[in-house]
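Structure record follows, encoded as structure tokens.
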Amino acid sequence: DIQMTQSPSSLSASVGDRVTITCRASQGISTYLAWYQQRPGELPKLLIYLASTLQSGVPSRFSGSGSGTDFTLTISNLQPEDVATYYCQRYNIAPPTFGPGTKVDIK
Amino acid sequence: DVLLVESGGGLVKPGGSLRLSCAASGFTFNSYVMTWVRQTPGKGLEWVSSISDRGTFINYADSVKGRFTISRDNSKNSLFLHMNSLTADDTAIYYCATFPTALTVFGVGPSGYWGQGTLVTVSS
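Protein sequence lines correspond, in order, to chains A and B.
Letter by letter, the first sequence follows residues 1 to 107 of my numbering.
Letter by letter, the second sequence follows residues 1 to 124 of my numbering.
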């Protein structure tokens, strides 16, 4: 199976900072990658699919990029409500594996 | 609005069985891939199984293959997960999730809409 890794595993940043999370696939997956946000005690929320397409209703400060094996999620202007764990998920072929997650906190 | 409501979770002994259901509304059910994802409290997300809009493509995680069976009834806008030979490792919140078929790949895709989840606890 294609494995997914994320870095860093956690980060702490200030309100207004630009935050970047990286997701790497062990093999090429084209752009079949999604990003999710899961706030504490809440359901996962799809932010981005096809590596860079913003899901309806998601704030424009979130953006995604990448193809092949290396992908990034960028939060351009970190807000307090962005405190959450962020997961990537590949879906080029079954099983659609999730990454281990990146926990984002506010300094 | 898309609404997914899971039911059927509960406490079951190791080796036992359980059937989860997901009632869907607010979208054209037979045009969406349906998925089960589970999460152990405090841990990450684990994809369990997906079924394509007409049931043509069905996939399972290796951890449940041969023990779990996913099915859907498009006439009743319902999704099911039959779980057999349950072990403590299957203890988790099970979420029903969905995404339009057009944005998936042979029955595999992201999960854009989620139910609230149903808790399955396997313990003696």
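Heads up, the beta-carbon is just placed ideally off N, CA and C, and yes, glycines get one too.
Computed from a prediction, not measured in an experiment: that's the story for all the values here.
- Collapsing the DSSP output to three states places B/D62 in coil.
- Look at the beta carbons and you see the region 102-119 of chain B touching the region 91-105 of chain A: at least three pairs across the two are nearer than 8 Å.
- Of all residues in the region 44-70 of chain A, those with a C-beta nearer than 7 Å to a C-beta of chain B are P44, L46, Y49, Q55, reading in chain order.
- Taking C-beta atoms as the reference points, B/T40 and B/A97 fail to come closer than 8 Å.
- Per DSSP, reduced to three states, the secondary structure at B/T101 is helical.
- Residue pairing by DSSP places A/V15 opposite no residue, since no beta bridge is assigned to it.
- In the structure shown, A/S65 adopts extended strand secondary structure according to DSSP, grouped into three states.
- Following the DSSP letters along the chain, one finds A/V58 in no beta strand (DSSP E), marked with neither H nor E.
- Within its own chain, the residues whose Cβ lies closer than 6 Å to the Cβ of A/T85, once the five positions on either side in sequence are excluded, are Q38, G101, K103, listed in chain order.
- Between B/V48 and B/V33, the CB-CB gap reaches or exceeds 8 Å.
- Sorting B/I70, B/F29, B/I51 by C-alpha distance to the C-alpha of B/K76 places B/F29 at the top.
- Here the region 29-43 of chain A makes contact with the region 61-79 of chain A; the two share three or more CB pairs at distances below 8 Å.
- Closer than 8 Å at the C-beta level to chain B, one finds these residues of the region 16-33 of chain A: Y32.
- At a Cβ-Cβ threshold of 8 Å, A/L78 and A/A13 count as neighbours.
- Taken through DSSP and simplified to helix, strand or coil, B/S31 comes out as helix.
- As computed with DSSP, B/V120 is found in a beta bridge with B/G10, B/A92.
- In the DSSP assignment, B/E46 falls within the beta strand (DSSP E) that extends over 45-51.
- Classified as exposed, B/T87 has fewer than 16 neighbouring CB atoms from the shown chains inside 10 Å of its CB.
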